[in-house]
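Visitor: Chains as they are written, first to last, in the working numbering: chain S, 57 to 332; chain H, 57 to 332; chain F, 8 to 314; chain E, 91 to 345; chain P, 91 to 345.
Ideal Cβ placement from N, Cα and C applies to all residues, glycine included.
Sharing a structure with you now.
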Amino acid sequence: MSTSTQTMAQNKQLVMREKNKQSKIAKSAVRGSTLPLVVLIAWQTLGSAGILPAQLFSSPSLIVTAFIDLVRSGEMASHLQISLIRALLGFALGGFLGLLIGVIVGMQKKSEEYLNPSIQMLRTVPLLAITPLFIMWFGFGELSKVLLIALGAFFPLYLQTFLGLRNVDKKLYDVARIMEYSRLEQITKLMIPAALPNILLGVRLALSSAWMCLVVAELLGADRGVGFMIQDARSFMQTDIVFVGIIIFALAGKISDSLVRFLENHLLKWQDSFKA
Amino acid sequence: MSTSTQTMAQNKQLVMREKNKQSKIAKSAVRGSTLPLVVLIAWQTLGSAGILPAQLFSSPSLIVTAFIDLVRSGEMASHLQISLIRALLGFALGGFLGLLIGVIVGMQKKSEEYLNPSIQMLRTVPLLAITPLFIMWFGFGELSKVLLIALGAFFPLYLQTFLGLRNVDKKLYDVARIMEYSRLEQITKLMIPAALPNILLGVRLALSSAWMCLVVAELLGADRGVGFMIQDARSFMQTDIVFVGIIIFALAGKISDSLVRFLENHLLKWQDSFKA
Amino acid sequence: GCNSDAGKASGESEPVKVSIALNGKMGPLVIAKEKGLFDDEFSKLGAKISWSEFPSGPPLLESLASNRVDLSFLGDGALIAGIDKKLPFEVIAQTGQGGSSVRIITQTDGKIKKVEDLKGKTVGVASGTTGHVYLIKALKAYGLTTDDIKLINLQPDDAQSAFETKQLDAWATWNPYYLNNIEKGNAVALNVKGKILAPGANIARTGFAKEHPEIVEAYLRVYKKAADWQIDHPDEASEIYAKETKMPADTVKKIITSEEPNIFFTEDAIKAQQESIDTLASVGYIKKSFDFQKEIHNEYIDAAFNK
Amino acid sequence: MESTLEINHVSKTFKNDQESILVLKDLYMTVNNGEFVTIIGPSGCGKSTLLKLIAGLDLDFDGTIIVGKNPVSGPSKNRGFIFQEHRLFPWLNVEKNISGNLSLKNPEIRKRVDDLISLVKLKGFERVYPRQLSGGMSQRVAIARALLRNPEVLLLDEPFGALDAFTRTHLQEALLEIWERNKTTMVLVTHDIDESLFLSNKVVVMDAKPGRIKAIVPIDLPYPRSRTSKSFQELRSHILNLLDHHPQDKEDWCF
Amino acid sequence: MESTLEINHVSKTFKNDQESILVLKDLYMTVNNGEFVTIIGPSGCGKSTLLKLIAGLDLDFDGTIIVGKNPVSGPSKNRGFIFQEHRLFPWLNVEKNISGNLSLKNPEIRKRVDDLISLVKLKGFERVYPRQLSGGMSQRVAIARALLRNPEVLLLDEPFGALDAFTRTHLQEALLEIWERNKTTMVLVTHDIDESLFLSNKVVVMDAKPGRIKAIVPIDLPYPRSRTSKSFQELRSHILNLLDHHPQDKEDWCF
Ligand SMILES: Nc1ncnc2c1ncn2[C@@H]1O[C@H](COP(=O)(O)OP(=O)(O)OP(=O)(O)O)[C@@H](O)[C@H]1O
Ligand SMILES: Nc1ncnc2c1ncn2[C@@H]1O[C@H](COP(=O)(O)OP(=O)(O)OP(=O)(O)O)[C@@H](O)[C@H]1O
Ligand SMILES: [Mg+2]
Ligand SMILES: [Mg+2]
């Protein structure tokens, strides 16, 4: 086989692989939306047939109408904007602290002994029950909302980081010791890369946790935000709007998931792990 | 060195190690309770000095009194009992399904494509917003409470199992293929043991998630339970009782953590991983 | 909580920051806010409003206890709980008698025609709310107690769901829930003999009221102005509320016209409130009963309107 | 059952993000039923890759590989594999690693596992976890694991690399015995020319960049073989010569 | 700096849940500054364990180990270590695995890394991740990684185990050159008697169960050594004899 035909064959292969990849992505997108579509169609049908009480279940078409109205009036943008800012700030703060304290506790037996039991206790305290403390300390302005969200984002990243570090292979740690990695280098060049699969799962959980904490945070004297919108619509029986809110939350979950998957594909390509 | 003196020396060593171990456990218990104790003392002091308003913050002594009252009257036992049953049932159901579906989705690309996107969307839907659906479908009896808790327990185990399976070393998977492990053997004898660190973290999260979902679940027509107790006390500003509830939740977090740690110590002793 | 540092009452220097909290999306305060009715009175006093909004009483009370709220209004449940807990606020006026804000509604199948028929039936109510108090009183009027019925503790949304799917025979609830269900033909209201009132109240944080009684008085004047405007312009008021709550304007109109706001405490209301207090004390929601009359601080309302 | 192995014009390319590397180029050989073949060649020439293709662990290649009568379509326990790294399951102790999905409660399996543990000289270490084993001990566990399954074709990727001379000879002899008894078809990768001469009917000499077969040398010496015999020495230098053929002139072939 | 190595009555016991196993018993030896010592002994006799003790990775032993003037108190980059398994960081490509915490942006480091990559014959694989390497290639990366740091003492645990004869000889020669140039103190574990004779000043022969030193054989041949010389052959059979001394009579010693 001459080199040129070989190169051609290879090129062809590459082109085919590219196509293949695209068709694969399309296929998996179609598969992914099958279930939601089935649910939507069933919902609309049952709703239109009057089997599902509209009062409780609304229906996809009503929800879409409500959504369009909200978008038209500019309310949606204002709710979304403020909620996004709160969630992102909270996530940034809580996630950063979770990672930081997770690393400290993961690396130092002593800080583990001092801090971890308390953190494990705080972890299960329902946020709903401690909002008074937040109001007392931080008022009901943006600060307390962001802090509450940060608290929600803190735990997943803390736990995953901590566990991730503790699962790092001791054999590799010994290599780093032999090369006299400084403590910082151990963390940044060994522990964090090795724990990355776990940390990324933590990011995924923290992102959605931040988002879910909005519902609680926006109980604290808010007058805008997606969480507020849901609460408010609930107390006036605006089922359509409640569902608009729920769907926004669901989408946020999907988006955060895709985001982290994208990160995983780029940051973890070194992994030689099981891929169904 | 004769064998007998050697054995003696070894015995001595063993005894010393036993002692050492005990003193280590004691030490870490002391360290673990430092922070909570400091907080308690500060709280009591500030409370007694009138700096913290008792209506909002109660004080440790008031909380203990409230706690004792609740125990004496038998209320505590009845709240705890029913909540424990609900949480455990919900955890068992949700955890089992999380593990099961996590394994299915983790092992099969196709089921991943069909199910995972939907699950990722459901994950971020705030439970608070979908309780009407639960009432509609499952009534306000124990069923809907248990199902709600199961939903909360489902996601952590699902996510951790899924990720755990996907991080299994492909090299080991190839070994199992060579030995013609059946699909079931692959799952039970390779994937699950290898993913165990992650799965155990999932159990830990699911346990506490189950417990936290009580607060929401016991909004659904409950007249007993720790979650109900907190909600009820909150609407009448019975801060002492709210705090009793919070502390029960915190303890549950600690206990679930210790439980899983115990499991980890036994099930993961094969690990040769970094230990601070 | 920056109100205390504005202590020098000599209005010229810095403006006094007044935190007014909305409790839900209904009530004259919403109108006052929308129409800017506070602007005049407050600028004269050098006061600046910071608005906040709470979905219900309990979080509002928590904010008040941490000095984050100066002026607001509460329903009877939260009001009683707050006084019982000795929270630092004063009752400065009524909001309305609450004669039509709560009802027991039943399924339309006609199985339950009178209160006695509730015996052994499944009744939904959110524990500790004004609906709960109403239910207890209504039962008591017919010699029944909550032990005679199957009481299900449900928050309004959940109760709505349960009621619509006929899992509840009856539901003790407030507006907009009960009117909404009746309007839609899902439910009928149960007649109860006598009049069971659920009066709400305007409140002021004690520390704030001591320092700035003039602002409290101004607040009451504006509140009354807004209430009067609502009485005089029911259609326009309905429009405002409908926009806020996204409810149909005619439903809103029914709600606001079924009872007029009234900031002066009436004998009936005080009596009703006292009964509620005794009822709650007997079921153990509050530790012990107290005299409601003694908690009312009429000095502000007197100063505001009778000078 | 027939366990002839036919490798027909097999090529293998690894595809990365940007480039693709040809690792095996047009391999062609036949291993007869019950034959003992060793593969020898420079590091990185594709020996392990070839074994993986034969095992059916990687089906993405050009050409065909036929085992018995059928093309390879996936792994099978008829084709045992001792990997270059030991690949023990870290959560199983030695005896469970060896038994794998076979039950130790079955007395027959139990006995065979115990025999194999003696064979690889790991008596007393039955209950020890992989992290407590030395490199050579792990390798021996992996050998026992593959032998337990009595495969018709056994693929061995440098199985004795981490063993001392004596354990090595001992296991080489054991392997020969098993081969003679069971008529297993053996394909063994090694860097040790003596080992290949001592064991096999046929030495496949490979060359690198891209990996291809340079020569197939039949070894017609009778078993047991003496490492000091003259014909042995001659074959050794022959193979050494074959391996040494090209110096570093092709350093830049691949890229 | 002095990098003499003194091992004084070193014993090492591994403690498990129930039992404790004596792995090294009363080891005693000295390695002079700039000396090349090889350790040879049966699989599982404690060679790797001994290297780990010298490296300071495990301080829980009896006796003392002195490097230079001070007792070992932990690892140090003055004591390089090539582990028996390659232990590459899977998330770093070849060149970054070699440079580790040293910056490749430093032109000096860059140059030395490139030189080492050529030395271990991995040109063209700089950007490749460990999972894409063959066994021997990984081992060579690990060798380059240790050499980059120019340690005063270099501990090598079967560094050439997975390499073909030619790469092996090439790297042995390279190692000798580095040793002569830098006066590094070398401690190399191997199973290959020829390798130990070709490289070292002193062969430490160990015995197993419990691991102990059986003999220390000085090798007084001049460098470069010829593998075919008579004295080489004599020393080989001497060491072979030493190793062969005891058959399997001690099978049950440990437990
Ligand atoms: N997963 C992979 N992706 C890309 N390249 C790979 C992969 N696996 C192996 N290679 C490349 O294939 C070639 C052959 O590798 P292989 O492991 O078969 O070599 P080998 O002959 O077994 O070498 P050794 O004797 O060192 O074990 C090497 O150049 C290696 O870099
Ligand atoms: N972490 C550990 N826990 C318990 N025992 C261990 C541990 N590490 C090693 N051992 C035991 O110590 C002994 C010596 O192990 P070591 O790895 O030093 O052997 P070695 O001489 O390097 O053997 P090889 O040539 O096979 O690599 C073995 O019996 C092994 O089982
Ligand atoms: Mg190989
Ligand atoms: Mg070793």
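Quick one: what does DSSP say Lys274 of chain F is sitting in, helix, strand or coil?
Guide: Note on residue identity: the sequence assigns Glu, not Lys, to residue 274 of chain F. Glu274 of chain F: helix per DSSP, three-state reduction.
Visitor: Look up Gly225 of chain E in the DSSP assignment and say whether it is helix, strand or coil.
Guide: helix
Visitor: Check the Cβ of Ser138 of chain P against every Cβ in chain E and list those closer than 7 Å, keeping chain order.
Guide: Ser224 and Gly225
Visitor: Would you list, in chain order, the members of the region 143-165 of chain P that have their beta-carbon closer than 7 Å to a beta-carbon of chain S?
Guide: Ala145, Leu147 and Pro165
Visitor: Using three-state DSSP, classify Val202 of chain H as helix, strand or coil.
Guide: helix
Visitor: Could you check whether the Cβ of Leu139 of chain E sits closer than 6 Å to any heavy atom belonging to ligand 1?
Guide: In the sequence on display, residue 139 of chain E carries Thr and not Leu. Ligand 1 approaches Thr139 of chain E closely enough that one of its heavy atoms is under 6 Å from the residue's Cβ.
Visitor: I need the straight-line Cα distance from Leu161 of chain F to Ser59 of chain F, nearest angstrom please.
Guide: 27 Å
Visitor: Check the Cβ-Cβ distances between Pro188 of chain S and every residue of chain F, and say whether any is below 7 Å.
Guide: At least one chain F Cβ lies under 7 Å of Pro188 of chain S.
Visitor: Relative to ligand 3, is the shortest distance from any of its heavy atoms to the C-beta of Gly251 of chain P smaller than 6 Å?
Guide: no
Visitor: Identify which residue in S:Gly208, S:Ser104 and S:Ala185 has its Cα closest to the Cα of Glu69 of chain F.
Guide: Residue S:Ala185 is the option with its Cα nearest to Glu69 of chain F.
Visitor: According to DSSP, simplified to helix, strand and coil, what is Arg317 of chain H?
Guide: helix
Visitor: Is the CB-CB distance between Ser224 of chain P and Ser286 of chain E below 7 Å?
Guide: no
Visitor: Am I right that Ile191 of chain H and Asp116 of chain F are in contact with their C-beta atoms under 8 Å? What's the rounded C-beta distance?
Guide: Not confirmed; about 20 Å, so no contact.
Visitor: For Gly130 of chain S and Asp46 of chain F, what's the separation of their Cα atoms in angstroms?
Guide: Rounded to the nearest whole angstrom, the CA to CA distance from Gly130 of chain S to Asp46 of chain F is 27 Å.
Visitor: Does the Cβ of Gln229 of chain P lie closer than 6 Å to at least one heavy atom of ligand 3?
Guide: no
Visitor: From Val130 of chain F to Ile156 of chain F, what distance separates their C-alpha atoms?
Guide: C-alpha separation (whole angstroms): 7 Å.
Visitor: Would a check of beta-carbon distances place Ser245 of chain F closer than 7 Å to chain H?
Guide: no
Visitor: Could you give the distance in angstroms between the alpha-carbon of Gly190 of chain E and the alpha-carbon of Leu245 of chain E?
Guide: Answer to the nearest angstrom: the Cα atoms are 18 Å apart.
Visitor: Measure from the C-beta of Asp288 of chain S to each C-beta in chain P and report whether the shortest distance is under 7 Å.
Guide: no
Visitor: Within a Cβ cutoff of 7 Å, which residues of the same chain sit near Phe299 of chain F, ignoring the five residues on either side of it in sequence?
Guide: Ile277, Gln280, Gln281 and Ile284
Visitor: Is any heavy atom in ligand 2 found nearer than 6 Å to the beta carbon of Gly226 of chain E?
Guide: For Gly226 of chain E, the shortest C-beta to heavy atom distance toward ligand 2 is below 6 Å.
Visitor: Counting only runs of 4+ residues fully inside the region 228-295 of chain F, write out the alpha helix (DSSP H) ranges in chain order.
Guide: 241-252, 256-265 and 274-290
Visitor: Which of helix, strand or coil does DSSP assign to Ser93 of chain E?
Guide: coil
Visitor: By the three-class DSSP mapping on this structure, what secondary structure does Val162 of chain E have?
Guide: coil
Visitor: How long is the line joining the alpha carbons of Gly220 of chain H and Leu252 of chain H, rounded to whole angstroms?
Guide: 7 Å
Visitor: Under 7 Å Cβ to Cβ from Thr280 of chain E, same chain only, skipping five residues before and after it: list those, please.
Guide: Thr128, Ile130, Glu248 and Ser286
Visitor: Given a cut-off of 7 Å on the beta-carbon distance, is the pair Ala232 of chain E and His176 of chain E in contact?
Guide: yes
Visitor: Is it buried or exposed, Ile210 of chain F, if we count other Cβ atoms within 10 angstroms and call 16 or more buried?
Guide: Flag for Ile210 of chain F reads buried.
Visitor: Please report the residue range of the beta strand (DSSP E) in which Ser110 of chain P lies.
Guide: Ser110 to Val121
Visitor: In this structure, how does DSSP classify Cys9 of chain F when only helix, strand and coil are distinguished?
Guide: With a pLDDT of only 39 at Cys9 of chain F, under the threshold of 50, the placement of this residue in the model should not be trusted, and no figure is reported.
Visitor: Distance cutoff 7 Å, beta carbons only. Does Asp328 of chain P sit that close to anything in chain E?
Guide: The question names Asp, but residue 328 of chain P in the sequence shown is His. With 7 Å as the cut-off, His328 of chain P does not count as an interface residue toward chain E.
Visitor: Between the Cα of Glu125 of chain P and the Cα atoms of P:Glu198, P:His328, P:Ile309 and P:Pro314, which residue gives the shortest distance?
Guide: With distances taken between Cα atoms, Glu125 of chain P lies closest to P:Ile309.
Visitor: Hey, out of F:Leu197, F:His304 and F:Arg212, whose CA is closest to Asp124 of chain F's CA?
Guide: F:Leu197
Visitor: Please tell me whether Pro62 of chain F has its Cβ less than 7 Å away from any Cβ of chain H.
Guide: no
Visitor: Output the boundary residues of the beta strand (DSSP E) element that contains Val157 of chain P.
Guide: Asp152 to Val157
Visitor: Starting from Trp181 of chain F, follow its DSSP beta bridges and name the residues at the other end.
Guide: Answer by DSSP bridge pairing, in chain order: F:Val109.
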